[in-house]
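Novice:
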Amino acid sequence: MTHTQAFSEFCKALDLFDSLKAKERKAISRAASGVYPDSFKVDQAIAHDAGLDPQLSWRYTHAEAVKRIRKVVPKCDVEVLARTFVAGLNPIHCRWRAPLQAYATYCHLPNHRAEFLKEMYSPSCRVCELEAKQEWKPVYQAFSIAESGLVGYSKGESIEPFNSAICLEWYLNSQPPAPIKEDWQRLEQMLKIIDKAPPRTTGSQLAKLLKPALGTDKYDNSYVVETLGFIGLLINPHQLGDMQQWTNWQDRAFGSERNQEMLPPACGWRREFGMDADVCKQLFPKVRLPKTLVGVRASA
């Protein structure tokens with residue numbers, strides 16, 4: 275199997291997703307994840323009937339992942355990505371939330387050789403958190419994007435750079451929807467909800483509050499909140515957004531505990547920190563932050 279074949283399977287899975295019934299989607303997701311042995315044979319048969327191979331995979335190295343994401347990032351226009359994200363706030367278009375997330379997390383990734391944390395059982399890179407060798411499952415990632423707008427987590431605690439590269443390559447070869455008036459209204463509603471949130475509201479708590487605006491559950495909403503952190507719209511005084519400045523993984527501000535429900539910088543956001551008006555103006559010029567929501571960005 276070649277990488278081209280694996281990428282074709284990824285694109286095919288995304289194209290097929292909307293035509294599948296809910297039960298079929300769940301079965302194929304289970305089969306692709308590889309963690310449901312009791313139902314695997316039945317789930318795999320459903321996937322094969324749909325024309326998908328849920329066990330198809332592609333192995334790659336740390337060096338390949340870094341090279342791939344650094345190659346595709348310069349081809350993207352961040353302002354177009356932001357408009358695509360706004361269109362993705364409509365729950366039926368949630369897959370289009372993913373490209374901005376993919377771009378923001380790695381747009382400043384430095385070119386680097388792996389610096390592995392050797393004291394860990396499964397060593398990961400100090401810079402990007404990626405392990406030496408990884409396995410990409412195209413159907414699994416495609417369904418993750420289509421179901422919830424999530425690029426795809428690594429085995430550790432990050433958005434995975436290879437998955438981000440694949441997401442952006444797919445985006446650049448697609449025709450994303452343009453945001454309509456109702457999409458911008460969703461964004462405005464989100465900002466009003468954030469503005470009225472009680473002091474000390476965390477990113478995880480905010481995800482629950484956003485349901486009236488986004489129409490999706492707290493898990494899908496949490497990926498939106500994480501993206502607002504990655505782009506630097508949510509202010510974390512301990513870490514700039516990835517779109518403002520790269521922070522090595524070992525130096526990231528995870529909050530009171532490393533195993534947070536949400537990735538940094540969003541995991542360290544609190545309502546009183548507010549939002550960055552400059553980021554809002556650059557990426558979402560059709561909306562304005564309430565004055566009571568404007569915060570002060572942390573210094574670089």
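Read left to right, the sequence shown gives residues 275 to 574 (the numbering used here).
Virtual Cβ for every residue (Gly too), placed ideally from N, Cα, C.
Looking only at its own chain, which residues have a Cβ that is under 6 Å from the Cβ of Q524, when we skip the five neighbours before and after it?
Specialist: The beta carbon of Q524 is closer than 6 Å to those of R400 in its chain, skipping five residues each way along the sequence.
Novice: Give a yes or no on whether the C-beta atoms belonging to P365 and L488 are separated by under 8 Å.
Specialist: A contact, by the Cβ cut-off of 8 Å.
Novice: Out of H512, V340, P373, S331, state which residue places its alpha-carbon closest to the alpha-carbon of E353.
Specialist: P373
Novice: Are there 16 or more other CB atoms within 10 angstroms of the CB of I454, so buried, or fewer, so exposed?
Specialist: exposed
Novice: Quick check on this structure: which residue in A481, F504, P486, Q329 has the alpha carbon closest to the alpha carbon of D494?
Specialist: A481
Novice: Would you call the CB atoms of Q415 and F284 closer than 8 Å?
Specialist: yes
Novice: Please state whether DSSP places I505 in a helix, a strand or coil.
Specialist: coil
Novice: How should V316 be labelled, buried or exposed, when 16 other C-beta atoms within 10 angstroms of its C-beta is the threshold for buried?
Specialist: exposed
Novice: Where does M464 sit, in a helix, a strand or coil, going by DSSP?
Specialist: helix
Novice: Am I right that L557 and A356 are in contact with their C-beta atoms under 8 Å? What's the rounded C-beta distance?
Specialist: 4 Å
Novice: Is the CB-CB distance between G548 and I505 below 8 Å?
Specialist: no
Novice: Which residues in the same chain as E531 place their Cβ atom closer than 8 Å to its Cβ, once the five residues preceding and following it in sequence are excluded?
Specialist: With a pLDDT of 48 at E531, under the threshold of 50, the modelled position of this residue cannot be trusted; read the value that follows with caution. Annotation for E531: no residue places its beta carbon closer than 8 Å to its own, counting only its chain and skipping 5 residues before and after.
Novice: Using a Cβ-Cβ cutoff of less than 7 Å, which residues in the same chain neighbour T379 once the five nearest sequence positions on both sides are dropped?
Specialist: I433, S438, F504, D516
Novice: So, for A406: in the same chain, excluding its five sequence neighbours on each side, which residues have a beta-carbon less than 6 Å away from its beta-carbon?
Specialist: H336
Novice: Where do the N-terminal and C-terminal ends of the beta strand (DSSP E) with T335 fall, by residue?
Specialist: Element bounds for T335: 332-335.
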